[in-house]
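Visitor:
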Amino acid sequence: GAVVSQHPSWVICKSGTSVKIECRSLDFQATTMFWYRQFPKQSLMLMATSNEGSKATYEQGVEKDKFLINHASLTLSTLTVTSAHPEDSSFYICSAGRDRGLNEQFFGPGTRLTVL
Amino acid sequence: LAKTTQPISMDSYEGQEVNITCSHNNIATNDYITWYQQFPSQGPRFIIQGYKTKVTNEVASLFIPADRKSSTLSLPRVSLSDTAVYYCLVGDIDSTGGFKTIFGAGTRLFVKA
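Protein chains in written order, with the numbering used here: chain D, 1 to 116; chain R, 1001 to 1113.
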């Protein structure tokens, strides 16, 4: 149980285009989902926390207009990278929690974004 | 903001026991300590979680002293496939009252034959 999927697993796009990444909790309802970015040889950096039905909370330094997060249902959150540029190329990982009161997260497999 | 400190890297040989210690001096009363394993180009995988004393599961043990300012992940008899990055995390409360998790630098474990 507690499986989180991401789609696509990898994507290549041209500079200036927008890319949407989906994060789904397959067998549980996720009250909270988290989005991370990871550059090569570095740790995961938390970008934002999204709660179903409310606006996402962005970490300091993360542009909310560039990284649009939608958590429309208890099983789906999406991250849209708008007007992507080569510096946005990274590994994007989502995680989902079943209970906001519990320190328990389940991670997706990640999405490799390459912007040409 | 709870923060963790771990060794940057460790080397070991197959069959040895590996202990990775994490410092979390500012851990809050309600925080649990969680360890994750990450392979390249994959999402982190849960290993073990504990609050105090000792926790053991089929893959690892977690030792937490009474003051909870540190914890030690113990991997018995490691194999080459245990080569990965190991992250120690403690919970944090965000501005809305929910948990969020901040990753530290992690420990890069390299297991040699």
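Cβ coordinates follow ideal geometry from the N, Cα and C atoms, glycine included.
Given the structure is predicted, the values throughout are model-derived calculations rather than measurements.
(1) Can you check whether the C-beta of residue 1007 of chain R is within less than 8 Å of a C-beta belonging to chain D?
(2) Can you find the residues in the same chain that come closer than 6 Å, C-beta to C-beta, to residue 69 of chain D, ignoring five residues on each side of it along the sequence?
(3) Can you give, in chain order, each stretch of the beta strand (DSSP E) that sits fully within the stretch 1064-1109 of chain R and has at least 3 residues?
(4) Counting Cβ pairs, one atom from each stretch, are 3 or more of them under 8 Å apart for the stretch 14-34 of chain D and the stretch 80-98 of chain D?
(5) Between residue 1084 of chain R and chain D, is any beta-carbon pair separated by less than 8 Å?
(6) Three-state secondary structure (DSSP) at residue 1014 of chain R?
(7) State the Cα-Cα distance for the pair residue 1049 of chain R and residue 1035 of chain R, rounded to the nearest angstrom.
(8) Taking 8 Å as the cut-off, does the stretch 1105-1113 of chain R touch the stretch 1051-1064 of chain R (at least 3 CB pairs, one atom from each stretch)?
(9) Whole-angstrom Cβ separation of residue 18 of chain D and residue 108 of chain D, contact assumed at under 8 Å?
(10) State the start and end residues of the unbroken beta strand (DSSP E) segment that holds residue 6 of chain D.
(11) Could you tell me which residues DSSP pairs with residue 22 of chain D in its beta bridges?
(12) Kindly list the residues whose CB is nearer than 8 Å to the CB of residue 26 of chain D, restricted to its own chain and excluding five residues on each side of it in sequence; keep chain order.
(13) Using beta carbons (cut-off 8 Å, strictly below), is residue 1050 of chain R in contact with chain D?
(14) Hey, is the stretch 1009-1029 of chain R in contact with the stretch 1083-1093 of chain R, meaning 3+ C-beta pairs nearer than 8 Å?
(15) Who are the neighbours of residue 113 of chain D on chain R, taking C-beta pairs under 9 Å?
(16) On the DSSP bridge list, what partners appear for residue 36 of chain D?
Guide: According to the structure data:
(1) Judged by the 8 Å Cβ criterion, residue 1007 of chain R is not in contact with chain D.
(2) Excluding sequence neighbours, residue 69 of chain D sits near 48, 50, 56, 79.
(3) For the stretch 1064-1109 of chain R, whole beta strand (DSSP E) runs of length 3 or above, ordered along the chain, are 1070-1075, 1084-1093, 1099-1101.
(4) Contact between the stretch 14-34 of chain D and the stretch 80-98 of chain D is present, because at least three Cβ pairs lie under 8 Å.
(5) For residue 1084 of chain R, the answer is no, since every Cβ of chain D falls outside 8 Å of its Cβ.
(6) Assignment of residue 1014 of chain R by DSSP, reduced to helix, strand and coil, places it in the coil class.
(7) For residue 1049 of chain R and residue 1035 of chain R, the distance between alpha carbons rounds to 6 Å.
(8) No, they do not touch.
(9) Between residue 108 of chain D and residue 18 of chain D the Cβ distance is about 20 Å, and since that is not below 8 Å, they are no contact.
(10) First-last of the beta strand (DSSP E) with residue 6 of chain D: 4-7.
(11) D:7, D:78, per the DSSP bridge assignment.
(12) Hits under 8 Å: 3, 4, 5, 75.
(13) No - not a single Cβ of chain D is within 8 Å of the one on residue 1050 of chain R.
(14) Proximity of the stretch 1009-1029 of chain R to the stretch 1083-1093 of chain R meets the contact definition, three or more beta-carbon pairs being nearer than 8 Å.
(15) Simply none; closest approach about 12 Å.
(16) Note: residue 36 of chain D sits in a beta bridge opposite D:46, D:93.
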